[in-house]
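Novice:
This is the structure in structure tokens:
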């Protein structure tokens, strides 16, 4: 039952967290014993260990390898350390600042679509469907400087990424298709290969075109032109990256990182935004307070646009996002394999070779860590009255050496999009309560449906 990707599976995790408040064993089928850790003190030895000691468990992640290659998500050991050092500049504040305009523009396009749908009487919308397209739109612009207009018309590349994510999720749930030789005989396996080729061809073409420009212009002129136009994107940063020996990334490495960013950055942020809108729909008093905060910030300004320096001036909205990430973490858990014995705080030992799941959902819902864990209460994150909690009590982006390199990117996008959404729309709950569905990210069965009401004075 613990392996079930549905509401009942999550409720069982909550029950087990109350019964065993730190760590427990469960079986995935008859062959895979898995330890699930649900307390900050017990995940500390794993999260704070060097990445070489606690690598990712490849039972699931290996399904992603034909698509993502050996990028930051799937690499281990010295290769991972080398990649992390080279990629860190790509997420520097100076780079992220230029992306804020993209987030604003992508939100504008989505909201114009919502306004049009509402005027036609369609106010009940699947948040996941709309926000996933919006995050993919933003990512394609941030990674490749490419505008496919995918929110308005079908895009082959975007459709392929969505299909690959769905196919990997489906394969993970079908144990008899875990073997490659069986999987690639099925129609799904053939569709997976075809979608991989399409995505790789797109990424390769951008890299080749950009590398030719770089060679013809020279790195200094290339960088100056990009800085002047404020169009330095993720591919550019990777092409210019050099290690301490002056060695850059190969085209294969760059493709792996670009494809990884497109995969890891779209559904996670879409999940975070969809669930925070759900929580604010259920708590109109918090929604209204967020809206007033945004209205105060953007008063007398046209066009309505959030700027980088203003993100810190939305403290209550930030509290609401964080509490939603606690209650509905986009990534419910991360699995690792112990490369050596790991000693837990109570002296018990996780033997080398064991698979462990750091249950982000379990920690965030553990009543010994969070009183009344099922209650949505943004004041848990009030900076004016900080709570005495372990820093590992709240880990929506994981923690330690292998934490999410894109967490500032994700939080920035969520703040911009949520602020503009609440400025322009009132969000109301659907008649049916959603049933949570933990897959690669936390979704809702059949979509996360909410009703939107356009507001006067929130013009784009």
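Numbering (this note's numbering), first residue to last: 150 to 609.
Glycine is no exception: its CB is placed at the ideal position from the N, C-alpha and C atoms.
Mind checking residue 552: buried by the 16 CB within 10 Å criterion, or exposed?
Specialist: Classification of residue 552: exposed, given that the 10 Å Cβ count is below 16.
Novice: State buried or exposed for residue 375, treating a residue as buried only when at least 16 other CB atoms are found within 10 Å of its CB.
Specialist: Per the 10 Å Cβ criterion, buried.
Novice: Does the separation of the CB atoms of residue 574 and residue 603 fall below 8 Å?
Specialist: Against a cut-off of 8 Å, the Cβ pair of residue 603 and residue 574 comes out as a contact.
Novice: How many Å lie between residue 599 and residue 431 at the Cα?
Specialist: Roughly 10 Å separates the two Cα atoms.
Novice: If you draw a straight line from the C-alpha of residue 470 to the C-alpha of residue 274, how long is it?
Specialist: Taking the straight line joining both Cα atoms gives about 20 Å.
Novice: What did DSSP end up calling residue 384 once you bin it into helix, strand or coil?
Specialist: In the structure shown, residue 384 sits in a helix (DSSP, three-state: H, G or I).
Novice: Which runs of the alpha helix (DSSP H), 4 residues or longer, sit entirely within the stretch 212-296?
Specialist: Those alpha helix (DSSP H) runs which fall completely within the stretch 212-296 and span 4+ residues are 214-217, 226-236, 242-268 and 276-293.
Novice: By a C-beta neighbour count over all protein chains shown, 10 Å radius and 16 as the cutoff for buried, is residue 370 buried or exposed?
Specialist: So residue 370 ends up on the exposed side.
Novice: Check whether the Cβ atoms of residue 416 and residue 589 sit closer than 8 Å, and answer yes or no.
Specialist: Cβ atoms of residue 416 and residue 589: closer than 8 Å.
Novice: Between residue 295 and residue 348, which are expected to be in contact by the criterion C-beta below 8 Å, what is the C-beta distance as a whole number of angstroms?
Specialist: Rounded, the Cβ-Cβ distance is 13 Å, inconsistent with contact.
Novice: Within 10 angstroms of its Cβ, does residue 515 collect 16 or more other Cβ (buried), or is it exposed?
Specialist: Its Cβ being crowded by 16 or more others within 10 Å, residue 515 is buried.
Novice: Suppose contacts are defined by Cβ-Cβ distances below 8 Å. Is residue 414 in contact with residue 284 by that definition?
Specialist: A contact, by the Cβ cut-off of 8 Å.
Novice: From which residue to which residue does the beta strand (DSSP E) around residue 140 run?
Specialist: What is shown of the chain runs 150 to 609, which leaves residue 140 out entirely.
Novice: Are three or more beta carbon pairs between the stretch 514-530 and the stretch 196-210 nearer than 8 Å?
Specialist: These segments do not touch.
Novice: Given that a residue counts as buried once 16 or more other Cβ atoms are within 10 Å of its Cβ, and exposed if not, what is residue 206?
Specialist: Classification for residue 206: buried.
Novice: Output the distance between the C-alpha atoms of residue 596 and residue 191, rounded to the nearest integer angstrom.
Specialist: If you take the alpha carbons of residue 596 and residue 191, they lie about 34 Å apart.
Novice: What separation, rounded to the nearest whole angstrom, lies between the Cα atoms of residue 439 and residue 346?
Specialist: Spanning the two alpha carbons is a distance of roughly 44 Å.
Novice: So what's residue 577 in DSSP terms, helix, strand or just coil?
Specialist: Of the three classes helix, strand and coil, the one that applies to residue 577 here is strand, per DSSP.
Novice: Is DSSP giving residue 602 helix, strand or coil here?
Specialist: Strand.
Novice: Which same chain residues, not among the five before or five after residue 150, have their C-beta less than 6 Å away from its C-beta?
Specialist: Reliability fails at residue 150, whose pLDDT of 48 lies under 50, so the model's placement of it is uncertain and the value that follows must be treated cautiously. 161, listed in sequence order.
Novice: Which ranges does the alpha helix (DSSP H) cover as unbroken runs of at least 4 residues, wholly within the stretch 509-587, from first to last along the chain?
Specialist: Segments of the alpha helix (DSSP H) lying fully in the stretch 509-587: 509-513 and 556-573.
Novice: Take residue 385 as the anchor and find which of 466, 394, 373 and 422 has the nearest alpha-carbon.
Specialist: Ranking the options by Cα distance to residue 385, first place goes to 373.
Novice: Cβ of residue 345 within 7 Å of any heavy atom in the ligand SAH?
Specialist: As for the ligand SAH, it is missing from this structure, which has no ligand bound.
Novice: Between 568, 265, 231 and 240, which lies nearest to residue 426 when the distance is taken from Cα to Cα?
Specialist: Minimum Cα distance to residue 426 is reached at 568.
Novice: Considering residue 364, what are the terminal residues of the alpha helix (DSSP H) in which it resides?
Specialist: Run containing residue 364: 336-366, per the alpha helix (DSSP H) assignment.
Novice: Thinking C-beta only, is residue 219 closer than 8 Å to residue 561?
Specialist: Contact flag unset, no.
Novice: In whole angstroms, what separates the C-alpha of residue 193 from that of residue 170?
Specialist: Straight-line Cα distance between these residues: approximately 15 Å.
Novice: Within 10 angstroms of the Cβ of residue 298, are there 16 or more other Cβ atoms? Answer buried if so, exposed if not.
Specialist: Counting Cβ neighbours within 10 Å, residue 298 comes out exposed, since fewer than 16 surround it.
Novice: Do residue 508 and residue 185 have their C-beta atoms closer together than 8 Å?
Specialist: Yes, Cβ-Cβ distance for residue 508 and residue 185 is below 8 Å.
Novice: According to the neighbour-count rule (16 or more other Cβ atoms, all chains shown, within 10 Å of its Cβ), is residue 382 buried or exposed?
Specialist: Under this definition residue 382 is a buried residue.
Novice: With a 10 Å radius around its C-beta and 16 neighbouring C-beta atoms as the bar for buried, classify residue 379 as buried or exposed.
Specialist: So residue 379 ends up on the exposed side.
Novice: Residue 411 and residue 251 - do their beta-carbons sit closer together than 8 Å?
Specialist: Cβ distance not < 8 Å, so residue 251 and residue 411 don't count as in contact.
Novice: CB-CB under 8 Å to residue 501, same chain, minus the five flanking residues each way: which ones, in chain order?
Specialist: So the qualifying residues of the chain are 487, 488, 489 and 490.
Novice: Please list, in chain order, all residues of the same chain as residue 454 whose beta carbon is under 6 Å from its beta carbon, the five residues on each side excluded.
Specialist: Same-chain partners within the cutoff: 253.
Novice: Using CA atoms only, rank isn't needed, just tell me which of 563, 587 and 577 is closest to residue 280.
Specialist: It is 563 whose Cα lies nearest to the Cα of residue 280.
Novice: Is the beta carbon of residue 306 less than 8 Å from the beta carbon of residue 504?
Specialist: Result no, Cβ atoms of residue 306 and residue 504 do not sit closer than 8 Å.
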